[in-house]
Amino acid sequence: MQHPPVVHTDAGRVRGRWSDGCAVFLGTPYAQPPVGDLRFAAPVAREPWDGVRDATAPGATSQSGATGVTLIPEPSVEGDDVLNVNVFTPEPGPGAALPVLVYLHGGGYVSGSIASPWYRGESFARDGVVTVTVAYRVGFDGFGWVDGGASNRGVRDWLLALEWVQRNIAAFGGDANRVTLAGQSAGGGGVLTLLAMPRAQGLFRHAWCMSPTAVTVGADEARMLATAVARAAGLDSSSTHAFGTVPRARLTELIPDPLRGGLRALRAGLDGGIPNIGPTIDGELIERSTLDALAAGIGGDTPLVVGGLDDEFTMIADDLPAVIGSAPRPLLFEALGLSGARRRGYLAANDALAREGTRRLVGRFISDTTMRRDVVRAARARNAASAATWVYAFSWRSPTMHWALHCLDVPFFFDVLDAEGVSRIAGARPPGELASAYHGAAVAYVRTGAAEWTPWSWDSPARIFTDPAPSPDEESGAPYAGLLPLL
Numbered sequence: 001m002q003h004p005p006v007v008h009t010d011a012g013r014v015r016g017r018w019s020d021g022c023a024v025f026l027g028t029p030y031a032q033p034p035v036g037d038l039r040f041a042a043p044v045a046r047e048p049w050d051g052v053r054d055a056t057a058p059g060a061t062s063q064s065g066a067t068g069v070t071l072i073p074e075p076s077v078e079g080d081d082v083l084n085v086n087v088f089t090p091e092p093g094p095g096a097a098l099p100v101l102v103y104l105h106g107g108g109y110v111s112g113s114i115a116s117p118w119y120r121g122e123s124f125a126r127d128g129v130v131t132v133t134v135a136y137r138v139g140f141d142g143f144g145w146v147d148g149g150a151s152n153r154g155v156r157d158w159l160l161a162l163e164w165v166q167r168n169i170a171a172f173g174g175d176a177n178r179v180t181l182a183g184q185s186a187g188g189g190g191v192l193t194l195l196a197m198p199r200a201q202g203l204f205r206h207a208w209c210m211s212p213t214a215v216t217v218g219a220d221e222a223r224m225l226a227t228a229v230a231r232a233a234g235l236d237s238s239s240t241h242a243f244g245t246v247p248r249a250r251l252t253e254l255i256p257d258p259l260r261g262g263l264r265a266l267r268a269g270l271d272g273g274i275p276n277i278g279p280t281i282d283g284e285l286i287e288r289s290t291l292d293a294l295a296a297g298i299g300g301d302t303p304l305v306v307g308g309l310d311d312e313f314t315m316i317a318d319d320l321p322a323v324i325g326s327a328p329r330p331l332l333f334e335a336l337g338l339s340g341a342r343r344r345g346y347l348a349a350n351d352a353l354a355r356e357g358t359r360r361l362v363g364r365f366i367s368d369t370t371m372r373r374d375v376v377r378a379a380r381a382r383n384a385a386s387a388a389t390w391v392y393a394f395s396w397r398s399p400t401m402h403w404a405l406h407c408l409d410v411p412f413f414f415d416v417l418d419a420e421g422v423s424r425i426a427g428a429r430p431p432g433e434l435a436s437a438y439h440g441a442a443v444a445y446v447r448t449g450a451a452e453w454t455p456w457s458w459d460s461p462a463r464i465f466t467d468p469a470p471s472p473d474e475e476s477g478a479p480y481a482g483l484l485p486l487l
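Just so we're aligned, residue 1 is where the sequence shown starts under the UniProt record's numbering, counting upward by one.
Spelled out as C-alpha cells, the structure:
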C-alpha cells in the first residue's frame with residue numbers, strides 16, 4: 001500500500017494524498033489567517049505549526065456562499081484560513097527540479113475558488129509540471145480602499161504566494177527558477193499586473209495570460225467606491241474599524257456590477273474598461289497603469305503568451321432590450337459610446353460579422369471592449385519594449401452555449417473535460433483533440449518559455465485554437481483585426 005505523501009515546508013510538514021498518479025496537497029497555508037487586526041493588513045507569512053498538517057481537503061475560500069459570477073463551478077469553503085495553495089506534483093521531494101505552473105483564478109476580483117474541479121492540476125502533473133493554484137482575498141476585503149489599511153491586499157497576497165513558491169517548491173519537486181505564472185479573467189489581469197510591477201520581478205520566469213483585463217483602478221475611483229460601499233453599509237467612515245464590523249460577503253455584495261443595469265450602466269462600464277474594483281494605482285506598490293509600465297519595458301525580460309476568446313461576453317447582448325435588434329446601428333453604437341470615425345471604422349471592419357445580426361455585432365463589441373482589446377493592447381505595449389510576446393485566440397464555439405464564450409477555455413487549458421459542470425458549457429462531447437492542442441501548447445511553453453508559433457507583431461498573425469483543428473496554413477490568422485478601430 002502506497003503511503004500518503006508528506007512534504008516539509010518552511011512552516012511545517014504537510015500530508016497530502018495520491019490522485020491519478022500524482023501527489024495532491026490541498027489547502028496548504030502560505031500566510032496567517034486575515035482576521036482581526038490582519039483583516040485589512042498586508043498578508044503575514046505563516047507561522048510554523050507542530051506535527052503534520054492534513055492537506056487532503058480543500059482549504060477555506062475568501063468568497064462565501066453561491067456567487068454565480070462565472071460559469072465555472074467554484075464552491076465556497078467556510079473558514080478563516082483563506083490564504084492557501086493547492087499543489088499537484090508527480091514527484092514530491094527535492095531533486096526532481098520540474099517546471100512549475102502557478103495559477104491565479106478569475107472571478108472579477110470579487111469571487112473565485114481554487115476548490116473548483118476545473119482547476120485540478122493532475123493533467124499538468126501527468127505531463128511533468130508541478131502545479132500551484134493560489135487562493136487570495138477577493139471582493140472588498142481583497143481590493144477595496146480602506147483608510148488605515150494596506151492597499152492592494154489581494155495583490156500583496158499574490159506576491160506572498162509567489163515568494164512562498166520560491167522558498168518551498170523544491171520540496172514538492174519543482175524548480176524555483178522555472179516558474180510560469182498563469183491566470184484567467186481577473187487572474188489574467190493579475191498576471192499582467194504582476195508582470196508590470198517592479199516588486200514582482202524575479203518571482204516567475206514566464207507568463208501565460210487568458211482573457212485578461214489590463215485596467216488599473218485609479219486611487220480616486222477606489223476611494224469613491226469605498227465611500228459608496230460604506231454609505232450603503234450604513235457606516236459613517238471608510239476606516240478599518242468601520243469596515244471591520246461588516247462581514248466580508250456583505251461588503252462584496254455592495255460593490256456595483258458594471259455589466260448589469262441596461263444600456264446606460266453598460267456604457268458606463270465599457271467606457272471605464274469594466275472593472276470598478278481590482279488592482280489600484282496606490283503610488284506605492286503600483287505606481288502607474290499596467291499598460292504604461294509594460295510599454296516602459298517593465299517585465300520585458302519575461303516572455304508572455306496572451307489571448308482570449310472570440311465571444312467573451314457576447315451573451316450579455318442577449319439580456320439587452322429586444323429593440324436593439326431593429327435599432328439603427330449608428331444610433332445604437334452611439335448609445336454604447338462609439339461615435340464618429342471610430343464607429344464608422346468599427347462597423348466597416350466587422351461588416352461580415354454584422355451579417356449575423358445586430359445582437360451578434362453588439363455582443364462582439366462588448367467582448368472587444370471588455371477583454372479582447374486588452375489582449376492587443378498588452379501585446380502592443382510589450383512590442384514597443386521589444387518583449388517576447390505570443391498572441392492566440394480560442395475560437396471554438398460551444399454547441400450548448402453557441403459562442404466561444406468567457407471561461408469556455410479553462411477546462412481545455414487544464415485538460416479536465418470530464419470535470420463537473422463542463423458538459424453544461426461545452427456540451428456532452430467536448431473535443432478532446434482541442435484540449436490536447438491547447439493544454440499541450442501550455443505544457444510546452446511552461447517547459448521552454450517559448451510558444452510554438454510566431455511571436456506577435458503587426459505583421460505576424462495570432463495562433464487560433466479551434467475544432468476541427470485548422471490546417472497548418474489556417475492555424476494562424478487575424479482574429480483581433482475587427483477591434484483595431486477601438487485602439
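Every residue gets a Cβ at the ideal spot worked out from N, C-alpha and C, and that includes glycine. These numbers come from a predicted model, not from an experiment.
Query, Result
"Inspect the beta-carbon positions of residue 140 and residue 255 and report whether they are closer than 9 Å.", "yes"
"Would you mind stating whether residue 64 and residue 222 have Cβ atoms separated by less than 9 Å?", "no"
"Determine the contact status of residue 112 and residue 121, defining contact as a CB-CB distance below 9 Å.", "no"
"Would you give the residue range spanned by the beta strand (DSSP E) that residue 389 belongs to?", "389 to 394"
"Under a three-way DSSP split, which group does residue 326 fall into?", "coil"
"Quick check on the DSSP output: the beta strand (DSSP E) that includes residue 464 runs from which residue to which?", "462 to 465"
"Report back the beta-carbon spacing between residue 79 and residue 60 to the nearest angstrom; my notes put them in contact at under 8 Å.", "3 Å"
"Three or more C-beta pairs under 8 Å: does that hold for the segment 147 to 162 against the segment 329 to 337?", "no"
"Roughly how many whole angstroms lie between the Cα atoms of residue 448 and residue 477?", "24 Å"
"Measure the alpha-carbon distance for residue 295 versus residue 193 and round it to whole angstroms.", "13 Å"
"Looking only at its own chain, which residues have a Cβ that is under 6 Å from the Cβ of residue 202, when we skip the five neighbours before and after it?", "none"
"Let me check understanding here. Comparing Cα to Cα, which of 430, 330, 314 and 49 lies closest to residue 399?", "430"
"Taking its Cβ as the centre, do 16 or more other Cβ atoms sit within 10 Å of residue 279, making it buried, or is it exposed?", "buried"
"Measuring straight from C-alpha to C-alpha, what distance separates residue 45 and residue 163?", "10 Å"
"In three-state DSSP terms, what is residue 562?", "A question about residue 562 goes unanswered here, because the residues of the chain that appear run from 1 up to 487."
"Let me know if residue 7 comes out buried or exposed under the rule of 16 or more other beta-carbons within 10 Å of its beta-carbon.", "buried"
"Do residue 302 and residue 205 have their beta-carbon atoms positioned less than 9 Å apart in this structure?", "yes"
"Can the beta-carbon of residue 281 be found closer than 9 Å to that of residue 144?", "no"
"Per the contact definition of three or more C-beta pairs closer than 8 Å, is the segment 349 to 361 in contact with the segment 454 to 468?", "no"
"So residue 27 is in the beta strand (DSSP E); what residue range does that whole segment cover?", "22 to 29"
"Over what stretch of residues does the alpha helix (DSSP H) that includes residue 343 continue unbroken?", "340 to 349"
"Rank 224, 180, 298 and 212 by C-alpha distance to the C-alpha of residue 382 and give the top, closest one.", "298"
"Thinking C-alpha only, which one of 235, 364, 198 and 369 is nearest residue 283?", "198"
"With DSSP collapsed to three states, give me the class of residue 183.", "strand"
"Between residue 272 and residue 386, what straight-line distance do the alpha-carbon atoms span, to the nearest angstrom?", "Reliability of the predicted coordinates at residue 272 is poor, the pLDDT of 49 falling under 50, and no value is obtained from them."
"What are the boundary residues of the beta strand (DSSP E) that residue 53 is part of?", "52 to 54"
"Give the straight-line distance between the Cα atoms of residue 146 and residue 247, rounded to the nearest whole angstrom.", "14 Å"
"How many whole angstroms separate the CB atoms of residue 180 and residue 445, which I take to be in contact at a CB cut-off of 8 Å?", "7 Å"
"Could you tell me the alpha carbon to alpha carbon distance between residue 269 and residue 415, rounded to whole angstroms?", "Bear in mind that a pLDDT of 49 at residue 269, under 50, signals an unreliable position, so the number given afterwards is only what the model happens to contain. If I take the Cα positions, the gap works out to 33 Å."
"Could you check what DSSP says for residue 269 in three-state terms: helix, strand or coil?", "Note that residue 269 has pLDDT 49, beneath the 50 cutoff, so the model's placement of it is unreliable and the number below is only indicative. Looking at residue 269 - three-state DSSP - the assignment turns out to be helix."
"Which ranges does the alpha helix (DSSP H) cover as unbroken runs of at least 4 residues, wholly within the segment 435 to 461, from first to last along the chain?", "none"
"Which runs of the beta strand (DSSP E), 3 residues or longer, sit entirely within the segment 190 to 245?", "206 to 210"
"For the segment 219 to 238 against the segment 117 to 134, do three or more pairs of beta-carbon atoms, one drawn from each stretch, fall closer than 8 Å, so that the two count as touching?", "no"
"On the DSSP bridge list, what partners appear for residue 98?", "174"
"Report the start-end ranges of each beta strand (DSSP E) in the segment 87 to 167 that is 3 residues or longer and not cut off at the edges.", "98 to 104 and 130 to 134"
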